[in-house]
Structures are given as C-alpha cells and as structure tokens.
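Undergrad: Sharing a structure here in structure tokens format.
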Amino acid sequence: MKIAVDEAPFSPWEALAQYERDVVQPAFPGKFGAAATFIGTMRDFNEGDGVHAMTLEHYPGMTEKQLQLILDEAFNKWKLLDALLLHRVGELKPQEPIVLVAVWSAHRKDAFEACRHIMEALKSRAPFWKKEQLDGGAGRWVEKNSDGY
Amino acid sequence: MKIAVDEAPFSPWEALAQYERDVVQPAFPGKFGAAATFIGTMRDFNEGDGVHAMTLEHYPGMTEKQLQLILDEAFNKWKLLDALLLHRVGELKPQEPIVLVAVWSAHRKDAFEACRHIMEALKSRAPFWKKEQLDGGAGRWVEKNSDGY
Amino acid sequence: MIVWSDTVRKPVCEGNSMTVKVKFFASLKEQMGCDGATVEIGEVATAADVWLQASGGKALPPNVLVAVNMEYTDQNQGVKSGDEVAFFPPVTGG
Amino acid sequence: MIVWSDTVRKPVCEGNSMTVKVKFFASLKEQMGCDGATVEIGEVATAADVWLQASGGKALPPNVLVAVNMEYTDQNQGVKSGDEVAFFPPVTGG
Numbered sequence: 005m006k007i008a009v010d011e012a013p014f015s016p017w018e019a020l021a022q023y024e025r026d027v028v029q030p031a032f033p034g035k036f037g038a039a040a041t042f043i044g045t046m047r048d049f050n051e052g053d054g055v056h057a058m059t060l061e062h063y064p065g066m067t068e069k070q071l072q073l074i075l076d077e078a079f080n081k082w083k084l085l086d087a088l089l090l091h092r093v094g095e096l097k098p099q100e101p102i103v104l105v106a107v108w109s110a111h112r113k114d115a116f117e118a119c120r121h122i123m124e125a126l127k128s129r130a131p132f133w134k135k136e137q138l139d140g141g142a143g144r145w146v147e148k149n150s151d152g153y
Numbered sequence: 005m006k007i008a009v010d011e012a013p014f015s016p017w018e019a020l021a022q023y024e025r026d027v028v029q030p031a032f033p034g035k036f037g038a039a040a041t042f043i044g045t046m047r048d049f050n051e052g053d054g055v056h057a058m059t060l061e062h063y064p065g066m067t068e069k070q071l072q073l074i075l076d077e078a079f080n081k082w083k084l085l086d087a088l089l090l091h092r093v094g095e096l097k098p099q100e101p102i103v104l105v106a107v108w109s110a111h112r113k114d115a116f117e118a119c120r121h122i123m124e125a126l127k128s129r130a131p132f133w134k135k136e137q138l139d140g141g142a143g144r145w146v147e148k149n150s151d152g153y
Numbered sequence: 004m005i006v007w008s009d010t011v012r013k014p015v016c017e018g019n020s021m022t023v024k025v026k027f028f029a030s031l032k033e034q035m036g037c038d039g040a041t042v043e044i045g046e047v048a049t050a051a052d053v054w055l056q057a058s059g060g061k062a063l064p065p066n067v068l069v070a071v072n073m074e075y076t077d078q079n080q081g082v083k084s085g086d087e088v089a090f091f092p093p094v095t096g097g
Numbered sequence: 004m005i006v007w008s009d010t011v012r013k014p015v016c017e018g019n020s021m022t023v024k025v026k027f028f029a030s031l032k033e034q035m036g037c038d039g040a041t042v043e044i045g046e047v048a049t050a051a052d053v054w055l056q057a058s059g060g061k062a063l064p065p066n067v068l069v070a071v072n073m074e075y076t077d078q079n080q081g082v083k084s085g086d087e088v089a090f091f092p093p094v095t096g097g
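Protein chains in written order, with my numbering: chain A, 5 to 153; chain B, 5 to 153; chain C, 4 to 97; chain D, 4 to 97.
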C-alpha cells in the first residue's frame, strides 16, 4: 500500500505500471484478477467558467492520516490485495492529473466497490482545498465537491 | 472509441498512456476530469484449483458487434467522452491481462458507473469462453461468470 | 455441464427448403464434435428447428444461448435462407 | 462563502490556563488573515472555546469543519494543553 501527496506532477499510467510491476506482482504473483483505478484530471472549465490554473492547498500531516484511515477502512470492508493513492498539491495547470486511486484484488466486485468508495471518502474527508484561477483573472475557492453517487 | 480483440498480449498501462496521449487528449484537451479503468488479469487459481494456462475462445464478428453495442449503450446512458476496450483471446498464462475497460468523462460519476456497467455487460453478453488448464492436467471450461454486483 | 435428453426429431418440410449456416462454440462445440455445419431445412423454420436438424434430433439444452446473425435471440425466432445461427454455452469472458 | 455573525466573546477562566495551537486553512485562512496562532485558554475548554479565543469572539460558521490533532471532531470536544485545533471549510480535493 502506498500513499503519496506531492507538489511534483505525476504520470498516472507510468506510476501504475511501475507500482504493479515493482510491488503488486512480486507480492501477489498470479493472485490478483482485478485492478480498478480512478484518475482525476484538472479541467479547463468549472461551473460555466474557464479555469486556467488551480492551487491545491492541504493540511500536511492530517492529509496523510486521513488517507491512511480511508484505505484502512477499505481494506477492512473488502478483500483487497494492494492499493496506490497519489494526490497532487500546489500549482496545477489544466490536463494535469490531480488524484490517482488504484486497487488490486482477486475478484472484480471488491476492486470496483473499494475504488469508488475510496474516491468518495477522499472527496468528503481528506483535507484538500482547490482555488481556481478563472480566465477573467479572479481567484475562486471551490466551495463544495459535487455528489459522486 | 476503440475496441480491439487480439491474440497478442497487451500491456494495459502502456496502452492506456498511449491512447490517452494520442486520442483522448487531442480530442478533448482540458475537458476530461475523470478516467475510470478496469483491468482483468489471469489468476493462477480458480474455485480452489491451481490453473497454469487458459484458452480464450470467442466468436469472431459477434464479439466485436456485441462489444460495440455495449459501448454504444453506455455512451447513450452516461455523459462520456471516450472509451477503450481491449480483450485477449487465444492462449494465456497467469498474470497476463485479459481485459481492459477505460472510460473518460468530465465528471467522475459517469466514468465510475459506465466502466462498471461495461464490464458487467461484457461478462454477461460478449461471446468469449474460458477453458482452464488445471495443475492436475485436466482441461475445464469455466461454466459461468461470477456475479459482479 | 450440458446434459442431453433425447427427443423426437422434427420432420423437415418436403419441397421448398433453404440453407443456413450453423455454428457451435466452446464446450458445446466439443460435445457436438464439430464447430458447425451447413444445414438444409424447410423454408419456414425457427432457430430451434435448425438446432434439431443440426444436432440430429437432440433437445436444445436450456442453458444454451442462441444468436442469429450475431445477435442474441431465442429459439423461437424464425430464420431465413443464408442466416448464421449460433449455439453456445453461457459466456465467460472478461 | 462564510458569513460571519458577531457574538459575545466568552470569558476565559482566570488562573489555570493552557496553550493550544490553532490552524486555519483555505478560504477561512484568508478571512482570518493568518494561518493560525497559539492561544492561551482556560484549562477546561472545548474546540468552540478555542475558536472564540482565536477568532476574537466571532461565531463559528456552521459549515466550518473542526479537527483536533488531525482527527475530525465537533466543536464540543474538550481540548487539552498542546493540542492542535484546526478549522477549515468543506474539503474539495480529488
């Protein structure tokens, strides 16, 4: 299981390839039948406005603690083998990945349900805040995440 | 949208990186906020038995037709931007990817729901059949896919 | 596992007949001993009639799926000359 | 947008007092004009008391979340010396 919160941009598919090859396959060779992933990417629009940059603030320490809690809950609720969770902070541009959630399990039901649950829990509980730089020049805090269900 | 059924092994994360870079990003720059993927991988066990090889038979022509129908249904039901669907046929070894479903959308709800729906529809309607080679030497047809919900 | 039950073979109408292509897949292919055939059958025929003709009079096992021209259907669908009629066990891909 | 409503500032107990660390984040940080403070407060105090002390008597806006030592809680939780008490708007990550 790996959690990382970083200001540096990440390449989601490369991160997944590397983690599966270096961690999941050696630990669970032939045992995982399912991998479900979600990748959130910065859009250049939100609520009808153009957005050309975004600042992602977080609460260092609490962020990692909450993400770990969320993964622990998922591992208790579903039969999971491994998980990878990456989240950007700092200054972002459109089309840059924000978040990656990946879950490996023997069977698909566990992977699908856990991946979505982790993502929704992250959205509602992990202390991140987005401030958008609108095309007009104004800064705008995102006030509330959309409902995921 | 791309559908491929192939005897050649595929690298799921590389296929995703390439498709997103070459197709999704140029077509929808800054527009996709969500990508949900599922990758099914051959396990070395099933129903309590060791499995060392698998043959995936299919119905050429009908397979592609059904997969296209399933994607079309998903695009009608959810707001999707793009999708990639790969499926192996032929001779497989444990740890080789069998299926990849990826969906890109503006918002996460669409991506999550469509990805799972496509996968379940594929499991129940796409004409593929698995024959396992058990460790004892016997060949065994998989009789029924497990329930995904 | 498909369990066969014997049944009476339906008569094929004399006179006007048509040709359809039959396909079997997976365990059904192994049990039939071939991956399909071309059968001659009376002009008014359902997929079930095609099955009887192709299987030599065996009953259609209840879990076998039927496709005509690569679309799912049920055994009561009428077929026409040149159709491709496929029979196969529950699918297990993904 | 958080709307402030004025309220009466609670008296801090004289005599025994303790120190807690206060943190503000995101739009709340901008509205408070700082990212936190160290406050002295009476030994028996809740997170709400800490808020009043740190905010100069402003009412705790209803949508503000409260964490003590990086765990979510509500404003009625008691705090102890050395605790880190954080106040922030609804989270919007992912």
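We put the CB at the ideal spot given by N, CA and C, even for glycine. Please read these numbers as outputs of a predicted model, since none were measured by experiment.
Report the residue from D:89, D:94, D:93 and D:95 whose alpha carbon sits nearest the alpha carbon of residue 39 (chain D).
TA: Counted from its first residue, the fourth sequence places residue 39 (chain D) at position 36. Nearest of D:89, D:94, D:93 and D:95 to residue 39 (chain D), Cα basis: D:89.
Undergrad: So, with DSSP's three-state summary, where would you put residue 116 (chain A)?
TA: Numbered from 1 along the first sequence, position 112 holds the residue referred to as residue 116 (chain A). In this structure, residue 116 (chain A) counts as helix in the three-state DSSP scheme.
Undergrad: Give me whichever residues DSSP pairs with residue 44 (chain D) in a beta bridge.
TA: What you label residue 44 (chain D) is simply residue 41 of the fourth sequence in a count that begins at 1. Note: residue 44 (chain D) sits in a beta bridge opposite D:21.
Undergrad: With a Cβ-Cβ cutoff of 8 Å, do residue 110 (chain A) and residue 87 (chain A) count as a contact?
TA: Residue numbering aside, residue 110 (chain A) sits at position 106 when the first sequence is read from its first letter. Residue numbering aside, residue 87 (chain A) sits at position 83 when the first sequence is read from its first letter. For residue 110 (chain A) and residue 87 (chain A), no; Cβs fall outside 8 Å.
Undergrad: Which same chain residues, not among the five before or five after residue 91 (chain B), have their C-beta less than 6 Å away from its C-beta?
TA: Working through the second sequence from its first residue, we reach residue 91 (chain B) at position 87. So the list reads 9 and 103, once near-sequence residues are dropped.
Undergrad: Between which two residues does the alpha helix (DSSP H) harbouring residue 79 (chain A) extend?
TA: Along the first sequence, read from residue 1 onward, the residue named residue 79 (chain A) stands at position 75. Where residue 79 (chain A) is concerned, the enclosing alpha helix (DSSP H) stretches over 66 to 81.
Undergrad: By DSSP, does residue 92 (chain B) sit in helix, in strand, or in coil?
TA: If you number the second sequence from 1, residue 92 (chain B) lands on position 88. Three-state result, residue 92 (chain B): strand.
Undergrad: What would DSSP say about residue 14 (chain C), mapped onto helix, strand or coil?
TA: Locating residue 14 (chain C) in the third sequence gives position 11, where the first residue counts as 1. Its pLDDT being 47, under 50, residue 14 (chain C) is placed unreliably in this model, and the value from its coordinates should be taken loosely. Correct three-state label for residue 14 (chain C): coil.
Undergrad: Would a check of beta-carbon distances place residue 94 (chain C) closer than 8 Å to chain B?
TA: As a first step, residue 94 (chain C) is located in the third sequence; it is residue number 91 there, counting from the start. Residue 94 (chain C) counts as touching chain B.
Undergrad: So residue 131 (chain A) and residue 67 (chain A) are supposed to be a Cβ contact under 8 Å. How far apart are they, rounded?
TA: Walking along the first sequence from the start, residue 131 (chain A) turns up at place 127. Walking along the first sequence from the start, residue 67 (chain A) turns up at place 63. Contact holds; Cβ gap of about 6 Å.
Undergrad: For chain A, find out if any of its Cβ atoms is closer than 8 Å to the Cβ of residue 21 (chain B); answer yes or no.
TA: Numbered from 1 along the second sequence, position 17 holds the residue referred to as residue 21 (chain B). Yes, its Cβ sits closer than 8 Å to a Cβ of chain A.
Undergrad: Alpha carbon to alpha carbon, how far is residue 45 (chain B) from residue 16 (chain B)? Give it in angstroms, no decimals.
TA: On the second sequence, residue 16 (chain B) is found 12 positions in, with the first residue counted as 1. On the second sequence, residue 45 (chain B) is found 41 positions in, with the first residue counted as 1. Distance between the alpha carbons of residue 16 (chain B) and residue 45 (chain B): 10 Å.
Undergrad: Please report the straight-line C-alpha distance between residue 128 (chain B) and residue 30 (chain B), rounded to a whole angstrom.
TA: On the second sequence, position 124 is the one that residue 128 (chain B) refers to. On the second sequence, position 26 is the one that residue 30 (chain B) refers to. Approximately 33 Å, taken between the alpha carbons.
Undergrad: State yes or no: is the C-beta of residue 73 (chain C) within less than 8 Å of the C-beta of residue 52 (chain B)?
TA: Position 70 of the third sequence, counted from the first residue, corresponds to residue 73 (chain C). Position 48 of the second sequence, counted from the first residue, corresponds to residue 52 (chain B). Going by C-beta atoms, residue 73 (chain C) is not nearer than 8 Å to residue 52 (chain B).
Undergrad: Express the C-alpha separation of residue 42 (chain A) and residue 5 (chain B) in angstroms, rounding to a whole number.
TA: The count along the second sequence starts at 1 and reaches residue 5 (chain B) at position 1. The count along the first sequence starts at 1 and reaches residue 42 (chain A) at position 38. C-alpha separation (whole angstroms): 19 Å.
Undergrad: Excluding five sequence neighbours on each side, which residues of the same chain lie with their C-beta closer than 6 Å to the C-beta of residue 24 (chain B)?
TA: The residue labelled residue 24 (chain B) in the question sits at position 20 within the second sequence. So no residue of the chain qualifies.
Undergrad: Roughly how many angstroms lie between the CA atoms of residue 42 (chain C) and residue 56 (chain C), to the nearest whole one?
TA: By 1-based counting over the third sequence, the position of residue 42 (chain C) is 39. By 1-based counting over the third sequence, the position of residue 56 (chain C) is 53. Between residue 42 (chain C) and residue 56 (chain C), the C-alpha separation is close to 7 Å.
Undergrad: Consult DSSP for residue 129 (chain B) and reduce its assignment to one of helix, strand or coil.
TA: Along the second sequence, read from residue 1 onward, the residue named residue 129 (chain B) stands at position 125. Three-state result, residue 129 (chain B): helix.
Undergrad: At the level of alpha carbons, what is the spacing between residue 8 (chain C) and residue 38 (chain A)?
TA: Along the third sequence, read from residue 1 onward, the residue named residue 8 (chain C) stands at position 5. Along the first sequence, read from residue 1 onward, the residue named residue 38 (chain A) stands at position 34. Any reading at residue 8 (chain C) is ruled out, since the residue's pLDDT is 42, under 50, leaving its predicted position unreliable.
Undergrad: In chain A, which residues lie with their C-beta within 8 Å of the C-beta of residue 35 (chain B)?
TA: Looking up residue 35 (chain B) in the second sequence gives position 31. Within 8 Å Cβ-Cβ: 47, 48 and 49.
Undergrad: Helix, strand or coil, according to DSSP, for residue 62 (chain C) in the structure here?
TA: Position 59 of the third sequence holds residue 62 (chain C). If DSSP states are grouped into helix, strand and coil, residue 62 (chain C) belongs with coil.
Undergrad: Taking the DSSP output, what are the residues bridged to residue 10 (chain A)?
TA: To locate residue 10 (chain A), count along the first sequence from 1; it is residue 6. Looking at the DSSP assignment, residue 10 (chain A) forms a beta bridge with A:92.
Undergrad: By DSSP, does residue 136 (chain B) sit in helix, in strand, or in coil?
TA: Position 132 of the second sequence, counting from 1, holds the residue named residue 136 (chain B). Of the three classes helix, strand and coil, the one that applies to residue 136 (chain B) here is strand, per DSSP.
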